[in-house]
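Note sheet for the following structure.
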Amino acid sequence: NAGVTQTPKFQVLKTGQSMTLQCAQDMNHNSMYWYRQDPGMGLRLIYYSASEGTTDKGEVPNGYNVSRLNKREFSLRLESAAPSQTSVYFCASSEDGVGGYTFGSGTRLTVV
Amino acid sequence: KNEVEQSPQNLTAQEGEFITINCSYSVGISALHWLQQHPGGGIVSLFMLSSGKKKHGRLIATINIQEKHSSLHITASHPRDSAVYICAVKTFNKFYFGSGTKLNVKP
Numbered sequence: 162n163a164g165v166t167q168t169p170k171f172q173v174l175k176t177g178q179s180m181t182l183q184c185a186q187d188m189n190h191n192s193m194y195w196y197r198q199d200p201g202m203g204l205r206l207i208y209y210s211a212s213e214g215t216t217d218k219g220e221v222p223n224g225y226n227v228s229r230l231n232k233r234e235f236s237l238r239l240e241s242a243a244p245s246q247t248s249v250y251f252c253a254s255s256e257d258g259v260g261g262y263t264f265g266s267g268t269r270l271t272v273v
Numbered sequence: 838k839n840e841v842e843q844s845p846q847n848l849t850a851q852e853g854e855f856i857t858i859n860c861s862y863s864v865g866i867s868a869l870h871w872l873q874q875h876p877g878g879g880i881v882s883l884f885m886l887s888s889g890k891k892k893h894g895r896l897i898a899t900i901n902i903q904e905k906h907s908s909l910h911i912t913a914s915h916p917r918d919s920a921v922y923i924c925a926v927k928t929f930n931k932f933y934f935g936s937g938t939k940l941n942v943k944p
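Here the protein sequences come in this chain order: V and W.
Under my numbering, the first residue of the first sequence is numbered 162, with each subsequent residue one higher.
Under my numbering, the first residue of the second sequence is numbered 838, with each subsequent residue one higher.
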């Protein structure tokens, strides 16, 4: 099935632990994004990648790193998780100027 | 300061009603997106607009670039339309999201 695949769907971390959220798309899109969504707030951009080999900070990049491994994959890493990073994370991709977004199904992360 | 403002925040309608959700933005944009987030959390892209009007089934989206305003209309609303509708605008290299409109359509 074409689309954006995110893993894992759920994760519980202890404060200070690290983890990587994986995202892959099979639509040959150039642009990929990581967002977080908190209760009562809109989506906020963490990082984005306009093309393979490039990444840029979004609105809330602190505490995160990203890697655009190839055109298909864009991972998000939490080096030392904090309770403030408890959120739902969405990966998305788009073919700029041609179509809309395609979103992954989300990762619900809880940091205790 | 919110670059994208949506109204209303919450909307309850009876099945069959015509629904309008509004989005105003304050930045120059290259495109505007309407997204639908289902109660289960999944997000679906409904429309991408840079001018004029688009229609897909019972959904219609319009944009007025001069007034920096877009509307999403749902005709003959149905309980399965219950979701959060999100307006997002794209500038040269940034995206801004509205906080969403929560729609509840009652049978």
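Backbone N, C-alpha and C define an ideal beta-carbon position, used for all residues, glycine too.
Helix, strand or coil for residue i? Go by DSSP, reduced to three states.
i	result
residue 172 of chain V	strand
residue 917 of chain W	helix
residue 183 of chain V	strand
residue 245 of chain V	helix
residue 929 of chain W	coil
residue 889 of chain W	strand
residue 857 of chain W	strand
residue 253 of chain V	strand
residue 190 of chain V	coil
residue 902 of chain W	coil
Taking 8 Å as the threshold (beta carbon to beta carbon), is residue i in contact with chain W?
i	result
residue 171 of chain V	no
residue 214 of chain V	no
residue 270 of chain V	no
residue 202 of chain V	yes
Let me know if residue i comes out buried or exposed under the rule of 16 or more other beta-carbons within 10 Å of its beta-carbon.
i	result
residue 921 of chain W	buried
residue 907 of chain W	buried
residue 202 of chain V	exposed
residue 133 of chain V	Look at the range of chain V in this structure, 162 to 273, and you will see that residue 133 of chain V is not part of it.
residue 246 of chain V	buried
I'd like the list of long-range same chain contacts for residue i, defined as Cβ closer than 8 Å, with 5 residues on each side in sequence excluded.
i	result
residue 932 of chain W	925 and 926
residue 205 of chain V	196, 197, 198, 199, 219, 220 and 221
Give a yes or no on whether the minimum CB-CB distance between residue i and chain V is below 8 Å.
i	result
residue 870 of chain W	yes
residue 855 of chain W	no
residue 923 of chain W	yes
residue 880 of chain W	yes
Considering only residues of the same chain and omitting the five flanking positions on each side of residue i, which have a CB-CB separation below 6 Å?
i	result
residue 267 of chain V	249 and 251
residue 937 of chain W	921 and 923
residue 854 of chain W	914
Return the residues of the region 230-264 of chain V that lie within a Cβ-Cβ distance of less than 7 Å from chain W, sorted by chain order.
249, 251, 260, 261, 262, 263 and 264
Compile a chain-ordered list of the residues in the region 897-911 of chain W whose CB is closer than 9 Å to at least one CB of chain V.
none
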